[in-house]
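Report on the following structure.
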């Protein structure tokens, strides 16, 4: 079964627009036949897990001891399968290695680190080509600023790995479109 990792922030709560969007994303991905991998805890991770689970999809939570030591909690109740690691670095790497595609929702430093780590691994061919779809105008602004100020270090061929979209429907369509091109190679 195809697996998609969804990166995103821990802040959204039930009732928030961001939580509902993440829920809807999980639901759409499950209906499109994707298993979802998330960080397994709260916020958008919980919402995606819940949306996918309630649509009959398989949910994998990639968790780690370091996070639970820092913020005591257990995986959210919609996680059907847990992949547990000692460190945040190992967790992040498994979220990247374990997927056939990735989607990034709005988030903070952790989400940014996940996007950049995956992007860099795509650039240096440390992982096989796969879609990296980033949702939202704010992420686009962040990366435009990076390219404006540091673009001399980031050739255009390396920028091609980032696919920016405005909404969750476009993200699912983008993953499907890019995946079919890669799979057909």
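Numbering (this note's numbering), first residue to last: 107 to 291.
Built from N, CA and C at the ideal position, the CB exists for glycine as well.
- The beta strand (DSSP E) runs lying completely inside the stretch 150–205 and spanning 3 residues or more are 165–170, 187–191, given in chain order.
- Secondary structure note for residue 109: its beta strand (DSSP E) is the uninterrupted segment 109–113.
- For residue 148, there is no enclosing alpha helix (DSSP H), as DSSP gives it neither H nor E.
- In the structure shown, the three-state DSSP call for residue 219 is helix.
- In this structure residue 205 does not touch residue 144 by the C-beta definition: roughly 11 Å separates them, more than the 8 Å allowed.
- With contacts defined by Cβ atoms closer than 8 Å, residue 281 and residue 239 form a contacting pair.
- In this structure, DSSP gives residue 207 an extended state, which the three-state scheme calls strand.
- In the structure shown, residue 228 falls within a helical segment according to DSSP collapsed to helix, strand and coil.
- Residues of the same chain with a CB within less than 6 Å of the CB of residue 141, apart from the 5 flanking positions on each side, are 107, 109, 164 in chain order.
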